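Reviewing the structure listed below.
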Amino acid sequence: MNALRRVGIGVVLAVALAPAAPAQSYGPPGPLVYVVATSPSTQKEAGRLMRFCRWNDTTALRDADMVLVVVRSSGSNPLNSFYDSAKWLVDDASSQANESGSLFHTYIYSIRKNLSLDQVNHRTYEVESGISEQDLRGPRYRFGFGCDAY
138 MNALRRVGIG VVLAVALAPA APAQSYGPPG PLVYVVATSP STQKEAGRLM
188 RFCRWNDTTA LRDADMVLVV VRSSGSNPLN SFYDSAKWLV DDASSQANES
238 GSLFHTYIYS IRKNLSLDQV NHRTYEVESG ISEQDLRGPR YRFGFGCDAY
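Going by this note's numbering, the sequence shown opens with residue 138, and the numbers climb by one from there.
Now the structure itself:
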């Protein structure tokens with residue numbers, strides 16, 4: 138009986154003192170992204186891009202590394218390349234045909250120290266077909282909008 142107790146205590150100590158298994162690591166966290174998507178369909182698409190790219194969202198523009206804007210429109214370039222403030226960008230994005238447009242437009246804006254915004258990249262793709270994960274990994278995205286850009 139004593140031998141059984143000693144073995145039991147030894148097993149408990151061995152388990153308690155054993156080094157923990159290393160946690161799975163998925164690499165460093167992605168950039169903080171301020172997201173502008175003003176309709177249910179654009180919010181869904183922005184969420185898909187954020188998850189795929191493993192970007193983290195923030196509600197504070199000052200904390201963000203970049204701004205992601207998703208709008209729907211049938212036009213070729215519905216947003217401007219520069220905005221004095223995020224308010225003007227949000228107003229402009231809200232004025233698009235965000236539920237009836239046939240194209241998704243995804244924009245990345247860099248943030249200046251004075252919180253004005255400069256367009257870095259713009260991609261357009263059809264709402265029905267969407268953009269594939271292969272396209273997101275492809276060279277056209279790699280040095281602009283792509284997940285590997287930051």
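The beta carbon of each residue, even a glycine, is placed where N, CA and C say it ideally should be. The structure presented is a predicted model; accordingly, all values stated were derived computationally and were not measured.
Cβ shell of residue i (< 8 Å), same chain only, five flanking positions each side left out
i: L198; result: Y171, V204, A223, I248, L252
i: F219; result: S253, L254, D255, Q256
i: V227; result: V173, T175
i: E236; result: S176, P177, S178, R209
i: V264; result: S178, R209, G238, S239, L240, F241
Reference residue i; option with closest CA among the options
i: P215; options: D255, Y244, K250, S266; result: Y244
i: Q180; options: R191, V208, V257; result: V208
i: L240; options: H259, K250, R188, M187; result: H259
i: T261; options: M187, S213, R188, R185; result: S213
i: K250; options: S231, N217, D221; result: D221
Spatial neighbours of residue i in its chain, beta-carbon cut-off 6 Å, leaving aside the 5 residues before and after
i: G238; result: R209, S210, S211
i: I268; result: Y262
i: N217; result: none
Reduced DSSP category for residue i - H, G, I as helix; E, B as strand; rest coil
i: E263; result: strand
i: A160; result: Interpretation of A160 is limited by its pLDDT of 48, a score under 50 that renders its predicted location unreliable; the figure taken from the coordinates is listed afterwards. Here A160 sits in coil by DSSP.
i: L216; result: coil
i: L252; result: coil
i: S176; result: coil
i: A234; result: coil
i: R279; result: The predicted model places R279 with a pLDDT of 36, which falls under 50 and marks its position as unreliable, so this point remains unresolved.
Other residues of its chain near residue i: CB distance less than 7 Å, five sequence neighbours each side excluded
i: L169; result: N193, T195, D200, A201, D202
i: A183; result: V172, A174, L205, V207
i: Q233; result: V208, R209, S210, P215
i: S231; result: T175
Residues that residue i bridges to, as DSSP identifies them
i: I245; result: L205, N258
i: V227; result: In DSSP, V227 forms no bridge with anything.
i: N193; result: L169
i: S222; result: In the DSSP output, where bridge partners are listed per residue, S222 has none listed.
i: L240; result: S210, E263
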